[in-house]
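Only one structure is covered here, and it is reproduced in the block below.
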Amino acid sequence: LPGDTYCRANGINNAAQVIASSYNAFDHNRAFVWQGGQKTELAGLGGFPHSKALSVNDAGQVVGYAQTGDYDDNRELVARAALWSDGKVPTDLGTLGGDYSAAYGINGRGQIVGKADTASFGSTHAFLWQNGRMADLGTLGGANSLALRVNDAGQVVGYSETGNTTHAFLWQDGTMRDLGTLPSGATSEAHALNDRGQVVGASDDAAVLWQAGQVADLNRLVPADSGWTLQDATGINARGQIVGRGLAPDGHTHAFLLTPLPLR
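Right under this line is the structure:
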């Protein structure tokens, strides 16, 4: 955007609408939508300009967060989860009793997930927002959790503290289920899922796939002599194609795309 120094695209829908955030020299960000060569800035909350767009559905609904211009007890700016439905004016999605919230995912039905502060000091929980209400999804026993994606079946994925570590979860029909880790792993995070319920993420430093109640190390699904170390999976589509990041044969971090081979 005018006056800023760089921007970052965070998502695209099937209508070729790209959501992005533009940053100035002070790292303040403003959200916008790009389509057909045109940029439309997304307004902040209460006229305050700072906002970030993180997910968009095929109806053009955008979610993320926006600063309100208010300050908390520590004199830090408050940010709230926001929904832009008409392309410009945001809706404040509220919190779970605290000051802060952020939205990370929206599905085709307009269900929104993210994280929000609770009334308990220092506790942030995953939420599901629908029909104008924010619901607390709870945790796996720890103080904090975060929801990243929701599919059109209403299944939610993210990760939660368990008390002494962090585990990936799948939330469905009111229940948060611990997806566990690789046998040799201690931690895990779920980062995305498709409408078939296949979930991808990471366990320790390995990209993983959860399906049918099992977890698989994606490094075991590629040729052993490929030279790749797949570290994190960040997206999966309806065809089972998976994207993420890993160490390439040249020793540098690169993006990867895995495409399932047809059954013979």
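Quick note, the sequence shown lines up with residues 1 to 264 if you use my numbering.
All C-beta atoms, glycine included, are put in the ideal place defined by N, C-alpha and C.
ASN29 sits in a strand when the DSSP states are folded into three classes. A direct Cα-Cα distance of roughly 15 Å separates PHE121 from GLY138.
One Cα belongs to GLY46, the other to SER226, and the distance between them is close to 52 Å.
For PRO90, the pairing in a beta bridge is given by DSSP as TRP84. The residues THR95, GLY98, ASP99, TYR100, THR124, in chain order, have a CB closer than 6 Å to that of ASP117 in the same chain once the five nearest residues on each side in sequence are set aside. In terms of CA proximity to HIS254, ALA233 leads the group ASN10, ILE112, ALA233, GLN241. From the listed residues GLY37, PHE32, GLY36, the smallest Cα separation to PRO49 is found for PHE32.
The beta carbon of GLN111 sits closer than 8 Å to those of LEU128, TRP129, GLN130, VAL150, GLY154, all from its chain and outside the five residues before and after it, given in chain order. In the DSSP assignment, ALA126 falls within the beta strand (DSSP E) that extends over 124-130.
In this structure, DSSP gives ASN24 a state outside helix and strand, which the three-state scheme calls coil.
In the structure shown, the three-state DSSP call for ASN10 is strand. Look at LEU182 here: in three-state DSSP terms it is coil, with no helix or strand label. Judged by DSSP secondary structure, ASP117 falls within the beta strand (DSSP E) whose first and last residues are 112-118. The alpha-carbon of THR91 is positioned some 9 Å away from that of GLY44. Look at GLY98 here: in three-state DSSP terms it is strand. Taking a 10 Å sphere around the C-beta of GLY36, we find fewer than 16 other C-beta atoms and assign the residue as exposed. The Cβ atoms of GLY108 and ASP58 sit closer than 8 Å to each other. In the three-state scheme derived from DSSP, where H, G and I count as helix and E and B as strand, ARG149 is classed as strand.
Within the DSSP secondary-structure output, SER203 pairs in a beta bridge with SER188, ALA206.
In this structure, DSSP gives LEU230 an extended state, which the three-state scheme calls strand.
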